[in-house]
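Peer 1: Pasting a structure below so you can have a look.
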Amino acid sequence: MSFPAILAAASKTATGFDAHVPEDWLQGRTAYGGLSAALALESARTIADGLPPMRSAQVSFVGPLSGDVSVSSRILRQGRNATWVSSEVQSEGKVGLAATFVFMGPMESELHLNDAGAPDDTIAVDDAVIIPSDKGPGFISNFDLRHSLPRADERQPQMNRWARVRDRSGLDPMVELVLIADAMPPGVMPLFDSWRPISSMTWLINLLTPAPVTTDGWWQLRARGTYAEKGCSSQDMSVWNAAGEPIAAGMQSIAIFG
Numbered sequence: 001m002s003f004p005a006i007l008a009a010a011s012k013t014a015t016g017f018d019a020h021v022p023e024d025w026l027q028g029r030t031a032y033g034g035l036s037a038a039l040a041l042e043s044a045r046t047i048a049d050g051l052p053p054m055r056s057a058q059v060s061f062v063g064p065l066s067g068d069v070s071v072s073s074r075i076l077r078q079g080r081n082a083t084w085v086s087s088e089v090q091s092e093g094k095v096g097l098a099a100t101f102v103f104m105g106p107m108e109s110e111l112h113l114n115d116a117g118a119p120d121d122t123i124a125v126d127d128a129v130i131i132p133s134d135k136g137p138g139f140i141s142n143f144d145l146r147h148s149l150p151r152a153d154e155r156q157p158q159m160n161r162w163a164r165v166r167d168r169s170g171l172d173p174m175v176e177l178v179l180i181a182d183a184m185p186p187g188v189m190p191l192f193d194s195w196r197p198i199s200s201m202t203w204l205i206n207l208l209t210p211a212p213v214t215t216d217g218w219w220q221l222r223a224r225g226t227y228a229e230k231g232c233s234s235q236d237m238s239v240w241n242a243a244g245e246p247i248a249a250g251m252q253s254i255a256i257f258g
């Protein structure tokens, strides 16, 4: 069941909507984090008319979410330039995700800084090696994935991939981006000698443009581990479009069991 189909089947409520998370969107015993965050954003962006684009999100993965879920949102503050909206996703009456979104329109500025271009050795999408969708967590089947960098000579705490949502029909561009931006294993995964359980705890994502666009749905994702001690890993995350333009930057905290 695609994400657009999940939204189409959702039932509106006074503060959001009720939806169902099918098994092919699960990551272990909980919903894939990008799906839960995208549900929260879909609710937040429709809470008021005329909201500007979403520019930043702070997401906490509080507990497991699966099956029937309830998504609700409320405005925290609406100023002249920015609006803060809080969203929750609940399952069986318990909060599984809590998020705060900031919606803000463009403003005039004399400051121009952009040094976040895509890696120089990026492999073109058409030449990139396809990653099979029948391996890994079940939610992977909803994406097309390819390796975007040459294989490194030594193991590094970094992973780069091309990614595309297979069915993105009718999706708001910001919702599509949030849906796909978390579709990476932890950056420290290449350092593992064997598989071990992991769990995302928090995620901060900043949109670097009010209008994310790319070619044929392809985005390049990077997860780069910067720290891992005592079962906690911190990583930087980046998203570029097919032209190599920076689209989003983020940070995530991940629990590593073992």
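If you read the sequence shown in full-length UniProt numbering, its first letter stands for residue 1, the second for the next number, and so on. Even glycine gets a Cβ: it sits at the ideal position worked out from N, Cα and C. Remember, it's a predicted structure, so these values are computed and weren't measured experimentally.
What do you get for residue 176, buried or exposed, if any count of 16 or more other CB atoms within 10 angstroms of its CB means buried?
Peer 2: Translated into positions along the sequence shown, residue 176 becomes position 176. Flag for residue 176 reads buried.
Peer 1: Taking contact to mean at least 3 C-beta pairs separated by less than 8 Å, is the region 188 to 197 in contact with the region 149 to 159?
Peer 2: Taking 8 Å as the limit for Cβ pairs, the verdict is that the region 149 to 159 does touch the region 188 to 197.
Peer 1: Taking a contact to mean a Cβ-Cβ separation below 8 Å, would you say residue 96 touches residue 196 in this structure?
Peer 2: Position 96 of the sequence shown, counted from the start, is the residue given in the question as residue 96. Position 196 of the sequence shown, counted from the start, is the residue given in the question as residue 196. Cβ distance not < 8 Å, so residue 96 and residue 196 don't count as in contact.
Peer 1: Would you check if the distance between the CB atom of residue 66 and the CB atom of residue 13 is smaller than 8 Å?
Peer 2: Sequence index remark: in the sequence shown, residue 66 carries index 66 (1-based). Sequence index remark: in the sequence shown, residue 13 carries index 13 (1-based). Their beta carbons are not under 8 Å apart, which means residue 66 does not touch residue 13 by this criterion.
Peer 1: Between which two residues does the beta strand (DSSP E) containing residue 104 stretch?
Peer 2: For the purposes of this step, residue 104 is identified with residue 104 of the sequence shown, where counting begins at 1. Looking at the DSSP string, the run of the beta strand (DSSP E) that includes residue 104 is 94 to 104.
Peer 1: With H, G and I counted as helix, E and B as strand and the rest as coil, what does DSSP make of residue 73?
Peer 2: On the sequence shown, residue 73 is found 73 positions in, with the first residue counted as 1. Here residue 73 sits in strand by DSSP.
Peer 1: To the nearest angstrom, report how far apart residue 204 and residue 250 are at their CA atoms.
Peer 2: For the purposes of this step, residue 204 is identified with residue 204 of the sequence shown, where counting begins at 1. For the purposes of this step, residue 250 is identified with residue 250 of the sequence shown, where counting begins at 1. Taking the straight line from one Cα to the other gives about 5 Å.
Peer 1: Curious, which full-length alpha helix (DSSP H) runs of at least 4 residues does the region 26 to 59 contain?
Peer 2: The region 26 to 59 contains these whole alpha helix (DSSP H) runs: 33 to 45.
Peer 1: I'd like to check one pair, residue 173 with residue 212: are the Cβ atoms closer than 8 Å?
Peer 2: Residue 212 sits at position 212 when you count from the first residue of the sequence shown. Residue 173 sits at position 173 when you count from the first residue of the sequence shown. Cβ distance < 8 Å, so residue 212 and residue 173 count as in contact.
Peer 1: In three-state terms, what does DSSP make of residue 88?
Peer 2: Along the sequence shown, read from residue 1 onward, the residue named residue 88 stands at position 88. Strand at residue 88.
Peer 1: Applying the criterion that 16 or more other CB atoms from any shown protein chain within 10 Å of the CB defines a buried residue, is residue 146 buried or exposed?
Peer 2: Residue mapping note: residue 146 aligns to position 146 of the sequence shown, counting from 1. Its Cβ being crowded by 16 or more others within 10 Å, residue 146 is buried.
Peer 1: What do you reckon, is the C-beta of residue 113 under 7 Å from a heavy atom of the ligand GTP?
Peer 2: Among the components modelled here there is no ligand, and therefore nothing to report on the ligand GTP.
Peer 1: For the putative contact between residue 43 and residue 71, defined by C-beta atoms under 8 Å, what is the C-beta separation to the nearest angstrom?
Peer 2: Taking the first residue of the sequence shown as 1, we reach residue 43 at position 43. Taking the first residue of the sequence shown as 1, we reach residue 71 at position 71. Confirmed, about 4 Å.
Peer 1: Helix, strand or coil: how does DSSP classify residue 142 here?
Peer 2: Residue mapping note: residue 142 aligns to position 142 of the sequence shown, counting from 1. Here residue 142 sits in helix by DSSP.
Peer 1: Under 7 Å Cβ to Cβ from residue 200, same chain only, skipping five residues before and after it: list those, please.
Peer 2: Counted from its first residue, the sequence shown places residue 200 at position 200. Taken in chain order, the residues that qualify are 33, 61, 252, 254.
Peer 1: Go through the UniProt domain "Acyl-CoA thioesterase-like C-terminal" (132 to 255) residue by residue and report every complete run of the alpha helix (DSSP H) that reaches 4 residues or more, in order.
Peer 2: Here the runs fully enclosed are 173 to 181.
Peer 1: Measuring CA to CA, which of 223, 115, 149 is closest to residue 124?
Peer 2: Here residue 124 is taken as the residue at index 124 of the sequence shown, counted from 1. The option with the nearest alpha carbon to residue 124 is 149.
Peer 1: If I'm right that residue 164 touches residue 218 with Cβ under 8 Å, what's the distance once you round it to whole angstroms?
Peer 2: Start at 1 with the first residue of the sequence shown, and residue 164 comes out as number 164. Start at 1 with the first residue of the sequence shown, and residue 218 comes out as number 218. Between residue 218 and residue 164 the Cβ distance is about 5 Å, and since that is below 8 Å, they are a contact.
Peer 1: Is it true that the region 110 to 129 meets the region 234 to 248, where meeting means three or more beta-carbon pairs spaced less than 8 Å apart?
Peer 2: Touching, yes, given that three or more Cβ pairs across the two stretches are closer than 8 Å.
Peer 1: Whose C-beta lies closer than 8 Å to the C-beta of residue 113 among residues of the same chain, with five residues either side of it excluded?
Peer 2: Mapped onto the sequence shown, residue 113 falls at position 113. So no residue of the chain qualifies.
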